[in-house]
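First residue of the sequence shown? That's 1 in the UniProt record's numbering, and the numbers climb one at a time after it.
Input: a single structure, listed below in structure tokens.
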Amino acid sequence: MIGIIHITQHFAPLIEELVLGYEEQYVEVFEREDFKIDDAKEVITQSYLTREKQSLIILAANKYNHAAQNALLKIIEEPPSKIQFILIAKNKNALLPTIRSRMRIITHKSHLELPPFALNVKKLNLQEIYHFCKQNEGKAPSKEETKLQIESLLFALSETKIKLTQRELSLFDTAIKLNQNDATEKHNYIFLPLLLRIYQKQKSLQ
């Protein structure tokens, strides 16, 4: 399966989005400040472990050592069965042309351009959730607008250091799938389960 390079300024929310739908044991994330040759060797070792299901190996770094990239060339060009490689960088020039030519490149708008989520996720309460739902009754935002709101919510959680479990991430997976349906889902039907789960999580931590 051809690998993908993602160009973004903010790694954490993108990684959370990418792993949606994958069981924890089928995802490996190598997030480094400087990706070095030893990291490349570890990635190669992990790549050849036997996998029962389609698996994701994510590399995210501000800098990629040239020797490390060269070490990855062969495995990126011919990945083991059931493995997809994802490389994340802030600039495509962080990666060698030989790497870029072997992978599809997706450039993301800066998450700084995302509209802030309407609610303070760190101080959620039931009254605010109720008012949020009331304000959105009867509205029919486009799929793109709803997608941006889901991304804004994920980004807000990341910014406030709220860690999501695999079960909680699966709720976002469901929300994204609902938003992709041909039949437009009601806005509140997508967001209410997410907000209630975040509220319950925050309450349990108090």
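Glycine included, each C-beta is placed from N, C-alpha and C at the ideal position.
1. Mind checking who S60 pairs with in its DSSP beta bridge?
2. In chain order, what residues of the same chain lie with their CB nearer than 7 Å to the CB of L192, ignoring the 5 residues before and after it?
3. Which residue wins for smallest C-alpha separation from L153, given the options A40, R51, L124?
4. Identify whether H10 lies in helix, strand or coil by the three-state DSSP scheme.
5. Is it true that the region 14-31 meets the region 49-67, where meeting means three or more beta-carbon pairs spaced less than 8 Å apart?
6. Could you spell out where the beta strand (DSSP E) holding I106 opens and where it closes?
7. Evaluate N120 with the Cβ neighbour count: other Cβ atoms within 10 Å of its Cβ, from every protein chain shown; 16 or more gives buried, anything less gives exposed.
8. In this structure, does DSSP put S55 in helix, strand or coil?
9. Once you ignore the five residues that flank L95 on each side, which residues in its own chain have a CB closer than 7 Å to its CB?
10. Taking the CB atoms as reference points, tell me whether I176 and R104 lie closer together than 7 Å.
11. Looking only at its chain, what residues have a beta carbon closer than 8 Å to the beta carbon of L171, apart from the 5 residues adjacent to it on each side?
12. What are the boundary residues of the alpha helix (DSSP H) that includes E24?
13. In three-state DSSP terms, what is H111?
14. Where does I150 fall in DSSP's three states?
15. Using the C-alpha atoms, what's the distance from E151 back to I99?
16. Within 10 angstroms of its Cβ, does A61 collect 16 or more other Cβ (buried), or is it exposed?
17. Below 8 Å on the Cβ atoms is my contact criterion, and I expect E24 with Q166 to pass it. Report the Cβ-Cβ distance as a whole number of Å.
18. Strictly by DSSP, which residues pair up with E83?
19. Whose C-beta lies closer than 6 Å to the C-beta of I75 among residues of the same chain, with five residues either side of it excluded?
20. Between L126, H66, Y189, which has its C-alpha nearest D34's C-alpha?
21. Using CA atoms only, rank isn't needed, just tell me which of Y189, A156, T174 is closest to L14.
With the given structure in hand:
1. Residue numbering aside, residue 60 sits at position 60 when the sequence shown is read from its first letter. Residue 60 is actually Ala in this sequence, not Ser. Checking the DSSP bridge columns, you'll see A60 partnered with E31, I88.
2. Position 192 of the sequence shown holds residue 192. C133.
3. The sequence position of residue 153 within the sequence shown is 153, counting from 1. If we check each option's Cα against that of L153, L124 comes out closest.
4. Counted from its first residue, the sequence shown places residue 10 at position 10. Here DSSP, grouped into helix, strand and coil, assigns H10 to coil.
5. The region 14-31, when compared against the region 49-67, does touch it at the 8 Å Cβ threshold.
6. The residue labelled residue 106 in the question sits at position 106 within the sequence shown. 104-107 is the extent of the beta strand (DSSP E) around I106.
7. One-based indexing of the sequence shown puts residue 120 at position 120. With fewer than 16 Cβ atoms within 10 Å of its Cβ, N120 is classed as exposed.
8. Reading the sequence shown from its first residue, position 55 is the one you call residue 55. Note: S55 maps to strand in three-state DSSP.
9. Here residue 95 corresponds to residue number 95 of the sequence shown, with the count starting at 1. Counting only Cβ-Cβ distances below 7 Å, and skipping sequence neighbours, we find I5, Y64, Q69, L87, A89.
10. As a working mapping, residue 176 is identified with position 176 in the sequence shown. As a working mapping, residue 104 is identified with position 104 in the sequence shown. Taking the C-beta atoms as reference points, R104 is found no nearer than 7 Å to I176.
11. The residue you call residue 171 lines up with position 171 of the sequence shown. So the qualifying residues of the chain are P193, L194, R197.
12. The count along the sequence shown starts at 1 and reaches residue 24 at position 24. No alpha helix (DSSP H) contains E24, which DSSP labels as neither H nor E.
13. As a first step, residue 111 must be located in the sequence shown, where it is residue number 111. The predicted position of H111 is uncertain, since its pLDDT is 48 and thus under 50; a value taken from the coordinates is nonetheless stated next. In the structure shown, H111 sits in a helix (DSSP, three-state: H, G or I).
14. As a position in the sequence shown, residue 150 is number 150, starting the count at 1. Helix at I150.
15. The residue you call residue 99 lines up with position 99 of the sequence shown. The residue you call residue 151 lines up with position 151 of the sequence shown. Straight-line spacing of the CA atoms in I99 and E151 works out to 28 Å.
16. The residue you call residue 61 lines up with position 61 of the sequence shown. The residue in question, A61, is buried, as its Cβ has 16 or more Cβ neighbours within 10 Å.
17. Here residue 24 is taken as the residue at index 24 of the sequence shown, counted from 1. Here residue 166 is taken as the residue at index 166 of the sequence shown, counted from 1. With 8 Å as the limit, E24 and Q166 qualify as a contact, their Cβ atoms being about 5 Å apart.
18. Position 83 of the sequence shown holds residue 83. A small correction: the amino acid at residue 83 is Ile; Glu does not occupy that position in the sequence shown. Here I83 is bridged, per DSSP, to S55.
19. Within the sequence shown, numbered from 1, the residue matching residue 75 stands at position 75. Cβ within range, chain order: I44, S47.
20. If you number the sequence shown from 1, residue 34 lands on position 34. Here the closest residue by C-alpha is H66.
21. Working through the sequence shown from its first residue, we reach residue 14 at position 14. That would be A156, whose Cα lies nearest to the Cα of L14.
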